[in-house]
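The next block holds one structure in the form of C-alpha cells; read it before the comments.
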Amino acid sequence: MNNSQTEQNKELVRRFVDGLNQRNLDVFDELLARDFVDHTPAPGVPPTREGWKSTFPMEAFPDLKIHVEDMIGEDGRVAVRSKVVGTHQGEFMSVPTTGKEVSTLNITIFGIDNGKIIEKWTVFDALGMMAQVGAIPPPG
Numbered sequence: 504m505n506n507s508q509t510e511q512n513k514e515l516v517r518r519f520v521d522g523l524n525q526r527n528l529d530v531f532d533e534l535l536a537r538d539f540v541d542h543t544p545a546p547g548v549p550p551t552r553e554g555w556k557s558t559f560p561m562e563a564f565p566d567l568k569i570h571v572e573d574m575i576g577e578d579g580r581v582a583v584r585s586k587v588v589g590t591h592q593g594e595f596m597s598v599p600t601t602g603k604e605v606s607t608l609n610i611t612i613f614g615i616d617n618g619k620i621i622e623k624w625t626v627f628d629a630l631g632m633m634a635q636v637g638a639i640p641p642p643g
C-alpha cells in the first residue's frame, strides 16, 4: 500500500472520530462498511455496524470526547491511541450517576478497505474506568 493510501485511511479515521465527538451518528453509515465487524463489541452488543452505532451517544457520558494521541497507519490498518474523557451523568453498567469525570486510555485498530472501515479491535482500561465511577474499590 502506498503512502498516499495510508494518509487517506488515516484521514478517514480522523473524520470518523470527529463525527463521534460531534455526536453525528451519520458517520456510522457513511464511513463503516455494511458488513463491518467489531471484533471487541461491548457485552450484549452485536458485532455489527448497527450494534456499535447503538452504543452512541453514550447516555451515561453525554459529554464524552475522544482525544487522539497517536495515529499510525500501514497496510490497510490504522492504529489509534486515544484518551477518552467524559462525565458520569447516567447509569453505567448498573452504577448510578456519580457526576465524576472519568478518563481512559484506548487503543483501537481499524481495518480499512475501499474507503470504508471494515473492522475494528479496541483495548481499553475497563478496570480503571469502573474504579473511577466507584463500581469497584480503587487499587491500593
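For the sequence shown, position 28 matches number 531 in the working numbering, and the numbering has no gaps at all. Ideal Cβ positions, reconstructed from N, Cα and C, are used throughout, including at glycine. These figures come from a predicted structure and were not determined experimentally.
Asked	Found
Enclosing beta strand (DSSP E) for Ala629 [first to last residue]	Run containing Ala629: none in the beta strand (DSSP E); it sits in the alpha helix (DSSP H), Ala629 to Gln635.
Alpha-carbon spacing of Glu604 relative to Val636, whole angstroms	8 Å
Three-pair Cβ contact test at 8 Å for the region 600 to 619 versus the region 505 to 523	yes
Ser507 in three-state terms, based on DSSP	helix
Counted within 10 angstroms of its Cβ, other Cβ atoms place Gly547 as buried (16 or more) or exposed	exposed
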